[in-house]
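J.: Residue numbers (the numbering used here), protein chains in the order written: chain P, 1 to 254; chain F, 1 to 445.
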Amino acid sequence: MSHAESTRVQTVIGDPVAEGAPLPRAKLEEIFADIQSDLRFDHELNGCLNCGICTATCPAAHYYDFSPREIVQLLWTENLEGIYDAMQEKIWACAQCYTCAARCPFGNSPGGLVMLMRETAIKHQMPSAKAVLRPFSRVMLKLISTGNQLAPDMITRDHFADWGPNVSKIDAPLKLLRQAIPMPTLNTTATAWEVNLKTSVELYTIWEETGVLKQLEGIDENLFDVINDIMDEKREDWKDFLADQQESEGGKDD
Amino acid sequence: MTERFTGHGAEWRDSNLSPSEAKIATSWVEQKIDKRSMLTNKERVEDVRDLMWQLEKDGEIVVHRVSDEHQPVMVKTLYGWDKKIPTRRLWHHKSCGQCGNIPGYPASLLWLMNRLEVEYLDETDQTSCTAWNYHGSGIGNLESLAAVFLRNFHQAYVSAQAQGLPPAYYYPLVHCGTSFGNYKEVRGYLLRSAKLRERVRQILGKLGRLVDGKLLIPEEVVHYSEWLHVIRERIAAMREIDCSHIRATVHPACHVYKMVPEDAIYDDTVLGGNRLAVTTSVMQALGTQVIDYSTWYDCCGFGFRHIISEREFTRSFAIDRKIRVAIDEAQADVMVGHDTGCITTLDKNQWIGKAAGKEVDLPVLADCQFAALVCGAHPYKIVQSHWHASSTETLMEKLGIDWEAKKAEFVGYLEEVKAGKQENLYDPRRMLTSGPGFIPISKRP
Numbered sequence: 001m002s003h004a005e006s007t008r009v010q011t012v013i014g015d016p017v018a019e020g021a022p023l024p025r026a027k028l029e030e031i032f033a034d035i036q037s038d039l040r041f042d043h044e045l046n047g048c049l050n051c052g053i054c055t056a057t058c059p060a061a062h063y064y065d066f067s068p069r070e071i072v073q074l075l076w077t078e079n080l081e082g083i084y085d086a087m088q089e090k091i092w093a094c095a096q097c098y099t100c101a102a103r104c105p106f107g108n109s110p111g112g113l114v115m116l117m118r119e120t121a122i123k124h125q126m127p128s129a130k131a132v133l134r135p136f137s138r139v140m141l142k143l144i145s146t147g148n149q150l151a152p153d154m155i156t157r158d159h160f161a162d163w164g165p166n167v168s169k170i171d172a173p174l175k176l177l178r179q180a181i182p183m184p185t186l187n188t189t190a191t192a193w194e195v196n197l198k199t200s201v202e203l204y205t206i207w208e209e210t211g212v213l214k215q216l217e218g219i220d221e222n223l224f225d226v227i228n229d230i231m232d233e234k235r236e237d238w239k240d241f242l243a244d245q246q247e248s249e250g251g252k253d254d
Numbered sequence: 001m002t003e004r005f006t007g008h009g010a011e012w013r014d015s016n017l018s019p020s021e022a023k024i025a026t027s028w029v030e031q032k033i034d035k036r037s038m039l040t041n042k043e044r045v046e047d048v049r050d051l052m053w054q055l056e057k058d059g060e061i062v063v064h065r066v067s068d069e070h071q072p073v074m075v076k077t078l079y080g081w082d083k084k085i086p087t088r089r090l091w092h093h094k095s096c097g098q099c100g101n102i103p104g105y106p107a108s109l110l111w112l113m114n115r116l117e118v119e120y121l122d123e124t125d126q127t128s129c130t131a132w133n134y135h136g137s138g139i140g141n142l143e144s145l146a147a148v149f150l151r152n153f154h155q156a157y158v159s160a161q162a163q164g165l166p167p168a169y170y171y172p173l174v175h176c177g178t179s180f181g182n183y184k185e186v187r188g189y190l191l192r193s194a195k196l197r198e199r200v201r202q203i204l205g206k207l208g209r210l211v212d213g214k215l216l217i218p219e220e221v222v223h224y225s226e227w228l229h230v231i232r233e234r235i236a237a238m239r240e241i242d243c244s245h246i247r248a249t250v251h252p253a254c255h256v257y258k259m260v261p262e263d264a265i266y267d268d269t270v271l272g273g274n275r276l277a278v279t280t281s282v283m284q285a286l287g288t289q290v291i292d293y294s295t296w297y298d299c300c301g302f303g304f305r306h307i308i309s310e311r312e313f314t315r316s317f318a319i320d321r322k323i324r325v326a327i328d329e330a331q332a333d334v335m336v337g338h339d340t341g342c343i344t345t346l347d348k349n350q351w352i353g354k355a356a357g358k359e360v361d362l363p364v365l366a367d368c369q370f371a372a373l374v375c376g377a378h379p380y381k382i383v384q385s386h387w388h389a390s391s392t393e394t395l396m397e398k399l400g401i402d403w404e405a406k407k408a409e410f411v412g413y414l415e416e417v418k419a420g421k422q423e424n425l426y427d428p429r430r431m432l433t434s435g436p437g438f439i440p441i442s443k444r445p
């Protein structure tokens, strides 16, 4: 029997607080099926006694209306409306520290389950996911097009005003300070380290092959277009390099 | 006659157990209060390395071994399992957050390796693990994480060929705690799932990143803090500055010991084996006083997404649950950690406390930065303490380092850098192993 058919709570007692179904039943089942079909699902969810150790130790639970215990319970009892509701906001509160996973007596990983729900929220292009990820576009542009998530030129007073008045306690141009780092790979400003052209091109192939670019297109089409243009150029550069190599090798043979 | 009463009622009788019988009868109490039992009282825990060796035997994968040439040191993990930590011929798998934001972190590590004459390679052909982005945004998936892991580790395997050396010469040493946790988690899924292996085999094949048509899996995923742990006595022998008066607090990184906890190092000689050994062991070997505090187990507040777009949470957690507790309870002189996000969070989020009347001031450094500092590394040229927002100057004063003189030296040194005379920890020609600018060893003058 498929999990989608065996919604025990829904069938037996229903959802006592919901005013009405937020989405057609079939859509809710599709969302749950996507979460459940991830090969990690059974590894991350083994059962739950509602002991609450996960929530007691959860940093996000201190500050948000978020409880890893609730996430586990919703998935364990296949509460489809509750799952959908949690995907609107709650899942984005998780700090991904995995304290819950380390401590759960059942070996559940509420933090891991949250990741499956986040991936699914993106796949279904939920407005919540789009809103939450808007501030991430700078990071994603950097990571997907260069292979580095964070670069020195991203740490500015404008973006991190709450970090204090000085990015560096020595007042000198960023480029010079970076040149003064005694690791030659780090004498960069636009990436955390100098990334080989081949490396970026290989990483882009991984993004393409694993459907990550499709994810991105669904969430932010403009960003997807910009990244595509950058990567087309890099691929051309790499092809040119290989052609030059071949030519110079050929020249030597002559 | 002494009056005695128990309050247990008339039915109570002394059991008259011998001391050894009493110990057996109450051993469950010790088990309950053993902090390590919170992590080990699980029924279903498997050592994925057993699956790994079987897959290699079946001809499905190739294992990149920690060989004798890497001079490994054996340690015990949470469950008492053995883990091999290579100590030389290391391939630095850098951290984007460290290199972008706290460059003294990797520079201190390489400086220590130079002092210990440890051979290594720091090259450009590597990507971030992409797990910071994944855990923050949900963009990415298990396949992309697995493919990135295998690509980077394959490059570590073949990298020495650019220097005319055989494959497997260098062993990857992971700098970032999140990369470390993520790679271990992904390795577990790769070893368990034939479907995942088949999918990424196709991708790695396209990239030319298979070994004899097979996936390459590392025998161990090793974090730099583990290298530091096994080599701590040699580092302690290089110490030039007395730090026995320094009260140090350790912040252990969640992704180092809460993700795949069965692989984290525990040592009976460090905090009774009840807590993660790395970093604490180094601080003890260097002679500092490591002071406990009640929120040792808490995360730093980094949150992956929060540090970028919801820093109210990050700074509140960092100040209230970590920094203030370390100051008030432990009267700490420094907080030392072993991960990118934690050092960033704990270091950068103190200044804003003033806005909420929560003024705090605690120097924050990575373990290898502290070690380099007390072993005589330059506080600015090597430790690069100017990128730290917390008051590293206060710590330097307590260590007797004239930071103002050192800072002035560094400012003077910047003039030399401007003239192209910067000092490097290694020959810059080594950082390229392929692509534009690379000169094969056979063609070098």
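Each residue gets a CB set at the ideal place from its N, CA and C atoms; glycine is no exception.
Could you give the DSSP three-state label for Gly337 (chain F): helix, strand or coil?
T.: Correct three-state label for Gly337 (chain F): strand.
J.: What residues in the segment 55 to 70 of chain F bring their beta carbon closer than 8 Å to a beta carbon of chain P?
T.: Those residues of the segment 55 to 70 of chain F that come within reach of chain P (Cβ to Cβ, closer than 8 Å) do not exist; the list is empty.
J.: Counting only beta-carbon atoms, is His223 (chain F) nearer than 9 Å to chain P?
T.: With 9 Å as the cut-off, His223 (chain F) does not count as an interface residue toward chain P.
J.: I'd like to confirm something about Glu123 (chain F): is its beta-carbon nearer than 8 Å to some heavy atom of the ligand COA, or not?
T.: In terms of ligand content, the structure shown is empty, and the ligand COA therefore cannot be addressed.
J.: For Asp50 (chain F), which three-state DSSP category applies?
T.: Residue state, collapsed to three classes: helix.
J.: For Asp254 (chain P), is the classification buried or exposed, using 16 other Cβ atoms within 10 angstroms of its Cβ as the cut-off for buried?
T.: Per-residue confidence for Asp254 (chain P) stands at a pLDDT of 45, beneath the threshold of 50, marking its modelled position as unreliable; no derived number is given.
J.: Mind checking who Lys195 (chain F) pairs with in its DSSP beta bridge?
T.: Note: Lys195 (chain F) sits in no beta bridge, so no partner.
J.: Express the C-alpha separation of Ala131 (chain P) and Cys254 (chain F) in angstroms, rounding to a whole number.
T.: If I take the Cα positions, the gap works out to 27 Å.
J.: Would you kindly work out how many angstroms separate the C-alpha atoms of Val158 (chain F) and Pro436 (chain F), rounded to a whole number?
T.: In a straight line, the C-alpha of Val158 (chain F) is about 18 Å away from that of Pro436 (chain F).
J.: Let me see if you follow: with CB-CB separation under 9 Å, is Ile122 (chain P) close to chain F or not?
T.: Cβ-Cβ to chain F under 9 Å: yes for Ile122 (chain P).
J.: List the DSSP bridge partners of Leu173 (chain F).
T.: Answer is F:His92, bridged to Leu173 (chain F).
J.: When burial is assigned at 16 or more other CB atoms within 10 Å of the CB, is Trp81 (chain F) buried or exposed?
T.: Label assigned to Trp81 (chain F): exposed.
J.: Which ranges does the beta strand (DSSP E) cover as unbroken runs of at least 3 residues, wholly within the segment 321 to 380 of chain F, from first to last along the chain?
T.: Those beta strand (DSSP E) runs which fall completely within the segment 321 to 380 of chain F and span 3+ residues are 334 to 337, 364 to 366.
J.: Starting from Thr249 (chain F), follow its DSSP beta bridges and name the residues at the other end.
T.: The partner list for Thr249 (chain F) (beta bridge, DSSP) reads F:Met335.
J.: Pick from F:Thr340, F:His92, F:Met52, F:Arg275: whose alpha carbon is nearest that of Met183 (chain P)?
T.: Considering only alpha carbons, the answer is F:His92.
J.: Of all the CB atoms in chain P, is at least one closer than 9 Å to the CB of Arg311 (chain F)?
T.: Yes, Arg311 (chain F) counts as interfacial toward chain P.
J.: Decide if the segment 228 to 245 of chain F is in contact with the segment 285 to 304 of chain F; the criterion is three or more beta carbon pairs, one per stretch, under 8 Å apart.
T.: The segment 228 to 245 of chain F is in contact with the segment 285 to 304 of chain F.
J.: Could one say the Cβ of Val226 (chain P) lies closer than 9 Å to chain F's Cβ atoms, at least one of them?
T.: No, no contact with chain F.
J.: Give a yes or no on contact between the segment 256 to 272 of chain F and the segment 414 to 421 of chain F, applying the rule of three or more CB pairs nearer than 8 Å.
T.: Too few Cβ pairs lie closer than 8 Å, so no.
J.: Looking only at its own chain, which residues have a Cβ that is under 6 Å from the Cβ of Gly218 (chain P), when we skip the five neighbours before and after it?
T.: Excluding residues within five positions, the ones whose Cβ falls inside 6 Å are Gln125.
J.: Measuring only the C-alpha atoms, how far is Leu432 (chain F) from Val195 (chain P)?
T.: If you take the alpha carbons of Leu432 (chain F) and Val195 (chain P), they lie about 10 Å apart.
J.: Going straight from the alpha carbon of Gly100 (chain F) to that of Cys243 (chain F), what length do you get?
T.: Whole-angstrom Cα-Cα distance: 29 Å.
J.: Give the C-beta separation of Ala332 (chain F) and Leu362 (chain F) to the nearest angstrom, bearing in mind that I take them to be a contact with Cβ-Cβ under 8 Å.
T.: Their Cβ separation, rounded to whole angstroms, is 6 Å, which keeps Ala332 (chain F) and Leu362 (chain F) in contact under 8 Å.
J.: With 9 Å as the threshold, decide whether the Cβ of Val45 (chain F) is near any Cβ in chain P.
T.: For Val45 (chain F), the answer is yes, since a Cβ of chain P falls inside 9 Å of its Cβ.
J.: Please list, in chain order, the chain F residues whose beta carbon lies closer than 7 Å to that of Arg118 (chain P).
T.: Ordered by position in chain F, the residues that pass the 7 Å Cβ test against Arg118 (chain P) are Gly138.
J.: Cys368 (chain F) and Leu109 (chain F) look like a contact to me (Cβ under 8 Å); what is the Cβ gap, rounded to whole Å?
T.: Yes, Cys368 (chain F) and Leu109 (chain F) are in contact; Cβ-Cβ is about 4 Å, under 8 Å.
J.: Taking the Cβ atom as the reference point for each residue, do Phe153 (chain F) and His223 (chain F) lie within a distance shorter than 9 Å?
T.: Against a cut-off of 9 Å, the Cβ pair of His223 (chain F) and Phe153 (chain F) comes out as no contact.
J.: Determine, for Cys54 (chain P), whether the minimum Cβ-Cβ distance to residues of chain F falls below 9 Å.
T.: Cβ-Cβ to chain F under 9 Å: no for Cys54 (chain P).
J.: Mind checking who Asp82 (chain F) pairs with in its DSSP beta bridge?
T.: F:Lys76, per the DSSP bridge assignment.
J.: Please state if the CB of Lys348 (chain F) and the CB of Phe160 (chain P) are separated by a distance shorter than 9 Å.
T.: Yes, these two residues count as a Cβ contact at 9 Å.
J.: Less than 9 Å between CB atoms is the rule here; does Ser316 (chain F) satisfy it with respect to chain A?
T.: Protein chains P and F are contained in the structure displayed, whereas chain A is not.
J.: Does the count of Cβ pairs from the segment 137 to 155 of chain P and the segment 133 to 153 of chain F closer than 8 Å reach three?
T.: Cβ pair count under 8 Å is three or more, so yes.
J.: Closest Cβ-Cβ distance between Arg69 (chain P) and chain F: below 9 Å?
T.: Answer no: the Cβ-Cβ gap between Arg69 (chain P) and chain F never drops below 9 Å.
J.: Which same chain residues end up closer than 7 Å to Phe313 (chain F) when comparing Cβ atoms and leaving out the 5 residues on each side of it in sequence?
T.: Cβ within range, chain order: Gly301, Gly303, His306.
J.: Taking Tyr189 (chain F) as the query, report the chain P residues whose CB atoms sit under 9 Å from its CB, ordered along the chain.
T.: By Cβ distance, chain P contributes Leu39, Arg40, His43.
J.: Assuming Leu203 (chain P) is part of the beta strand (DSSP E), what are its boundary residues?
T.: Not the beta strand (DSSP E): Leu203 (chain P) falls in the alpha helix (DSSP H), residues 197 to 209.
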